[in-house]
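This report concerns only the one structure given below.
Number of protein chains: 2
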Amino acid sequence: MPSQPFQGVLVPVLTPFTPHGEPDAGRLAGFCRWLLDQGAGGLSIFGTTSEANSMSGAERMALLDTLVEAGIPAEKLMPGTGACSVTEAAGLARHAVGRGCGGVLMLPPFYYKGVPDDGIFAFVSGVIDRVASPALRIYLYHIPPVAQVGYSLDLVGRLIKAYPQSVVGLKDSSGNWSNTAALLDRYPGFAVFPGSEVFLLDALRKGGAGCITASGNVNVPGIRRIYDDWRGTQAEALQAEATALRKALQAYPMVPALKRIVAHFHNDPDWAIVRPPMLPLDEPQSHALIADLTKLGFTLDQRPSSMAA
Amino acid sequence: MPSQPFQGVLVPVLTPFTPHGEPDAGRLAGFCRWLLDQGAGGLSIFGTTSEANSMSGAERMALLDTLVEAGIPAEKLMPGTGACSVTEAAGLARHAVGRGCGGVLMLPPFYYKGVPDDGIFAFVSGVIDRVASPALRIYLYHIPPVAQVGYSLDLVGRLIKAYPQSVVGLKDSSGNWSNTAALLDRYPGFAVFPGSEVFLLDALRKGGAGCITASGNVNVPGIRRIYDDWRGTQAEALQAEATALRKALQAYPMVPALKRIVAHFHNDPDWAIVRPPMLPLDEPQSHALIADLTKLGFTLDQRPSSMAA
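Residue numbers (this note's numbering), protein chains in the order written: chain A, 1 to 309; chain B, 1001 to 1309.
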């Protein structure tokens, strides 16, 4: 097994847009710095929560360039390189490797449905062959509720066996703990990250590497405490606290809700902007969300100085 | 209602790849010419059958450039400009308009699932605003079995009302005749193309514009006869004949099967190449397919001279 560049609480970073709907690189760099300061173990920029697939490949590459030039440590970055075409996925992965990123988070090709495992295997092989770099570290991105296409348990094993230096981990956003548990049981040393902190304590007890979770955008400290103290007597209580916040968030469309929270607590209304096909929360939803969080005693460390571009 | 640039039998053209897996522009141009010679009313290059989403945007634009430069009439082309991001979809549509294409076939954004109609409306608006050309003619591409996200009947009406000069038609690949019939009933003058010739005669009787069908790649003449003679006494028999071929094809994965047929009848084995995540038919499947077609008396006009680049 290769060395594992990532562990702990990884955040699929929200992407801020300008009022004209363009990605706002400066504000993103400030937000990335703030997340790292809060204790994020890595930044999965360009994930589902990042609205990555609502941006072109060129937009994503330009944002990554800006982040690295702004001093965000590339080894902390795990950009999503998901695309339906092997050429685009390879182009994004090659760019990320060239920028020194610690790894990439790769969706399976997600347009055609019901495709055979052999076809997905050929896709991943095609990306690895085209990138042709020993520095490539792929984290498979398994999110069947959205992508509809996923990496089966057997396919994961075939990929690890064929590419042990390149296919080094997986984010499991299936929402199905039995799948995460099976991955941990079958493939020791392979870095498995549940896609929600709800499963963090259970995963750590079975050798999980941490989690990659949308709610990290607003709760790195609370989730990080579970990671830091999972063998301690408070672990269950810390897990219950983080889970309660997650459940409150899940009552709303996740990405618009997270952006609304950042907009509210960072006093920056533009943060609520999303790209189509997503829509921002409307006013009643926004008020209800903030009220729900207030009941939980939730607040967000603002650190205005680090939010500047 | 604006003038309708397309009618009849439109073909979502198969994309040939080289043995190295790269799009083969010369062979594609020859195939397009052959389809037009056979009576295709238009060419929906870069549709689902074209493996468009298995190609990058840059690859699609380069192919379109080559086709136009090779003399394929741009007004006969309806390239798919489907993409999950509004910027990429707009870039592809702008390029197609710049090349003089008769229209574009546009998927809804298909990564996020369960998105509201308002979000899809905002996406289409975003494309139209960004292209900002009176020459843009959008054909909505409704294919929920694959994209999972679709254009609802009400959303279609809202788009027609908001953009009567731009949103001029729809390909209905729902496989659900009641949806096609409802579109034809509700929106007279709007060009509705069922996504399979199985519904062609029924659609023509209700004012449909024709069909856009994968099997057109191997059966333009048979489907064209229905279109040319739908008021005649032989219409039902012609429909039954075309439907029988379609049903035979549907017993196999459609794209690999169609490519296998072209490879076989045009004596050009490379035509069977597909891109991941698709896989070519294996040998037993290939033999069974050709045997099934032989039983139906099927053959393919080879015209080797027009197949040259």
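Beta carbons: idealized from backbone N, C-alpha and C, even for Gly.
These numbers come from a predicted model, not from an experiment.
Whole-number beta carbon distance between residue j and residue i, since they are thought to touch under 8 Å
i	j	result
B/G1157	B/Y1187	7 Å
B/I1045	B/L1077	6 Å
B/L1067	B/L1028	7 Å
B/G1222	B/S1196	Not really, about 13 Å apart at Cβ, beyond 8 Å.
B/T982	B/F1265	What is shown of chain B runs 1001 to 1309, which leaves residue 982 of chain B out entirely.
A/G57	A/A74	A/G57 to A/A74, Cβ: 18 Å. No contact.
B/V1131	B/A1090	6 Å
A/G80	A/G47	5 Å
A/L10	A/G216	7 Å
A/F110	A/V86	At roughly 13 Å, the Cβ-Cβ gap does not stay under 8 Å, so A/F110 and A/V86 are not in contact.
B/P1108	B/Y1151	6 Å
B/L999	B/A1181	Because chain B in this structure spans residues 1001 to 1309, residue 999 of chain B falls outside the shown range and cannot be described.
A/L281	A/Y252	7 Å
A/P5	A/M55	24 Å between Cβ atoms; not a contact.
Beta-bridge partners of residue i, as assigned by DSSP
i	result
B/Y1227	Per DSSP, none; premise fails for B/Y1227.
A/Y142	The identity of residue 142 of chain A in the sequence shown is His, whereas the question assumes Tyr. Answer by DSSP bridge pairing, in chain order: A/D172.
A/C211	A/V9
A/G17	For the record, residue 17 of chain A in the displayed sequence is Phe; it is not Gly. Answer by DSSP bridge pairing, in chain order: A/P23.
A/V167	A/I138
Residue burial classification, residue i (beta-carbon count within 10 angstroms, cutoff 16)
i	result
B/K1259	buried
A/E59	buried
B/R1205	exposed
A/P276	buried
B/K1171	buried
B/R1246	buried
A/H287	exposed
A/P304	Since pLDDT at A/P304 reaches only 47, below the 50 mark, its modelled position is unreliable, and the value read off the structure follows with that caveat. Looking at its Cβ environment, which holds fewer than 16 other Cβ atoms inside 10 Å, A/P304 is exposed.
A/D272	Reading off the sequence, residue 272 of chain A comes out as Ala, not Asp. Under this definition A/A272 is a buried residue.
A/G30	buried
B/L1296	exposed
B/A1025	buried
A/P194	buried
B/T1233	exposed
A/E88	buried
B/N1219	buried
B/S1173	buried
B/G1114	exposed
B/N1267	exposed
A/S3	exposed
B/Q1038	buried
B/P1164	exposed
B/R1224	buried
A/P12	buried
B/A1291	exposed
A/P134	exposed
A/R33	buried
A/S166	buried
B/G1311	An answer regarding residue 1311 of chain B cannot be provided, because it is not within the stretch 1001 to 1309 covered by chain B.
A/G327	The displayed coordinates of chain A run from 1 to 309. Any statement about residue 327 of chain A would go beyond what the structure contains.
B/G1169	buried
A/G126	buried
A/P269	exposed
* Asked: On the three-pair Cβ rule with 8 Å, is the region 181-201 of chain A touching the region 233-249 of chain A?
  -> yes
* **Segment contact flag, the region 1101-1110 of chain B with the region 1135-1149 of chain B, C-beta cutoff 8 Å, min 3 pairs** => yes
* **Every unbroken beta strand (DSSP E) inside the region 38-112 of chain A [3 residues or more]** => 104-106
* Asked: Given 8 Å as the limit, is there contact between the region 1204-1222 of chain B and the region 1035-1045 of chain B, that is, 3 or more CB pairs closer than that?
  -> yes
* Entirely within the region 239-294 of chain A and at least 4 residues each: give me those alpha helix (DSSP H) ranges in chain order. => 254-265
* Are there three or more Cβ pairs, one per stretch, closer than 8 Å when the region 89-103 of chain A is compared with the region 1114-1132 of chain B? -> no
* To do: With a floor of 3 residues, list each beta strand (DSSP E) that falls wholly inside the region 169-208 of chain A, ordered by position along the chain.
  => 191-194
* Are the region 16-26 of chain A and the region 47-63 of chain A touching by the rule of at least three beta carbon pairs closer than 8 Å? -> yes
* Inspect the CB distances between the region 1251-1258 of chain B and the region 1281-1295 of chain B and report whether three or more fall short of 8 Å. => yes
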